[in-house]
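Numbering (this note's numbering), first residue to last: 85 to 146.
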């Protein structure tokens with residue numbers, strides 16, 4: 085499979101990576117749980133409804 089380039093530092097990452105190996109930036113779009121809108125990977129809030137987006141790294145954290 086094709087590597088995923090980091091949108092921040094341009095390093096190629098494994099196709100199943102969620103975060104960049106080099107800089108830690110999210111590699112995948114963030115989908116809003118409230119309205120389903122797709123947002124940029126580094127967004128904190130939904131561009132459509134304003135809901136706080138849960139980052140992939142915080143899912144399941146205590």
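The beta carbon of each residue, even a glycine, is placed where N, CA and C say it ideally should be.
Here the structure is a predicted model, which means the values were calculated and not measured.
Which residues in the same chain as residue i place their Cβ atom closer than 6 Å to its Cβ, once the five residues preceding and following it in sequence are excluded?
i: residue 91; result: none
i: residue 96; result: 87, 89
When DSSP labels each residue in this structure, what does residue i get in the three-state scheme?
i: residue 106; result: coil
i: residue 143; result: Low local confidence applies: a pLDDT of 42 at residue 143 is under 50, so the model's placement there is unreliable, with the coordinate-based value given in what follows. Three-state DSSP puts residue 143 in coil, outside helix and strand.
Taking the DSSP output, what are the residues bridged to residue i?
i: residue 96; result: 89
i: residue 122; result: 115
i: residue 136; result: 129
Please name the residue, chosen from the options, that lies closest to residue i on a Cα-to-Cα basis.
i: residue 109; options: 132, 127, 119; result: 127
i: residue 117; options: 104, 131, 106, 105; result: 131
i: residue 125; options: 113, 103, 133; result: 113
Output needed for residue i: all residues of its chain with C-beta closer than 7 Å, excluding positions within five of it in sequence on either side, in chain order.
i: residue 101; result: 88, 111
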